[in-house]
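Notes follow once the structure below has been shown.
In the working numbering, the protein residues as written are 1 to 321.
What follows is the structure, given as structure tokens:
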């Protein structure tokens with residue numbers, strides 16, 4: 001379609017939305033949202049076929065105004081926190097779903113490398129986990145309590161210390177995105193290999209089931225959240241490298257803000273993971289096996305649903321393509 005025909009065909013709805021925003025004409029949030037979605041579709045089309053046209057910055061400005069009006073109206077009617085977790089984050093997770101997929105793929109590649117390295121080099125586990133940890137764990141395995149190391153310290157002290165550490169790691173992963181996403185990738189390499197080495201080590205010492213039953217009580221949320229946090233870093237890096245129609249600085253600000261929203265959503269999962277590690281993991285060999293499995297399955301199902309399935313439902317509800 002020629003640009004003139006495109007403008008003529010869609011000008012009426014653009015002017016309608018502009019008038020609604022500029023003159024505060026009363027319309028329901030759903031009506032404004034419907035116009036906003038149409039504008040976003042037109043903006044995407046214009047960016048693809050007329051990237052140097054003046055219509056692109058015009059539609060981009062109009063889309064920003066309509067977005068602000070929609071969410072200003074919604075915030076008056078809805079709880080801000082509920083809206084954040086049930087609308088804002090799922091829509092952003094849908095928008096940046098490819099970065100989340102890449103983060104998972106990269107993690108599992110590193111995990112596989114860690115497995116191969118451990119099974120092919122008997123000293124690799126010591127290089128990654130340290131002699132102190134290996135020697136203590138071997139003693140624990142011989143005494144019949146493979147994960148006794150998780151029973152050190154008080155429950156409250158462990159919980160606070162673990163949460164602080166995991167939050168700091170997640171924040172580092174997020175901020176490492178400032179280095180074009182490379183820093184976030186480095187953290188994933190380190191943690192993906194370390195998790196693999198950990199599991200391979202227990203397998204080699206006939207304690208694989210104990211490690212699965214105990215570690216993943218808290219590790220499911222902890223590792224999954226870590227992968228999402230790395231994806232946030234990739235989003236920041238991509239916003240710098242690939243600004244699209246925006247200026248590089250505007251693209252960076254937008255990418256940083258939206259990645260930060262997703263990062264914030266991981267904090268409750270990190271909190272629960274620390275609580276489970278401090279209060280539940282230490283009792284892995286006293287709690288019935290089916291209870292451990294139920295906790296792990298519940299954690300995996302809930303966080304997978306929130307980041308991998310729920311975003312599609314919210315996007316479909318909001319007619320986002």
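Ideal Cβ placement from N, Cα and C applies to all residues, glycine included.
What you are looking at is a predicted structure, and each value in this text was computed from that prediction instead of being measured.
- Pairing residue 263 with residue 5, the inter-Cα distance amounts to about 42 Å.
- In this structure, residue 192 lies near residue 110, with their beta-carbon atoms less than 7 Å apart.
- Listed in chain order, the non-local C-beta contacts of residue 35 below 6 Å within the same chain comprise 17, local neighbours out to five positions each way being set aside.
- The DSSP-derived three-state label of residue 168 is helix.
- Every alpha helix (DSSP H) stretch that sits fully inside the stretch 169–207 and reaches 4 residues is listed by chain position as 182–204.
- Secondary structure of residue 31 (DSSP, three-state): helix.
- At least 7 Å separates the beta-carbon of residue 96 from that of residue 181.
- Rounded to the nearest whole angstrom, the C-alpha separation of residue 104 and residue 11 is 42 Å.
- Contact annotation: residue 217 and residue 276 have beta-carbon atoms nearer than 7 Å.
- Assignment of residue 280 by DSSP, reduced to helix, strand and coil, places it in the coil class.
- The continuous alpha helix (DSSP H) containing residue 138 extends over residues 131–142.
- DSSP places residue 2 in no alpha helix (DSSP H); its state is neither H nor E.
- Assigned with DSSP and collapsed to three states, residue 51 falls in coil, not helix or strand.
- Per DSSP, the unbroken alpha helix (DSSP H) holding residue 290 starts and ends at 289–304.
- By the C-beta criterion, the stretch 204–216 is judged not to be in contact with the stretch 225–243, since fewer than 3 inter-stretch pairs fall below 8 Å.
- In the three-state scheme derived from DSSP, where H, G and I count as helix and E and B as strand, residue 246 is classed as coil.
- Secondary structure at residue 121: coil, using DSSP grouped into helix, strand and coil.
- Between residue 43 and the set 66, 21, 162, the nearest pair of CA atoms involves 66.
- Secondary structure in the stretch 206–275: the alpha helix (DSSP H) runs of 4 residues or longer, each lying completely within the stretch, are 208–241 in chain order.
- By the C-beta density criterion, residue 54 is exposed, having fewer than 16 other C-beta atoms within 10 angstroms.
- Within the model, the alpha-carbon separation for residue 247 versus residue 174 is close to 22 Å.
- Here residue 15 is exposed: its Cβ has fewer than 16 other Cβ atoms, across all protein chains shown, within 10 Å.
- Rounded to the nearest angstrom, the gap between the Cα atoms of residue 268 and residue 8 is 49 Å.
- Judged by pairs of C-beta atoms under 8 Å, the stretch 274–293 does not touch the stretch 110–120, as fewer than three such pairs exist.
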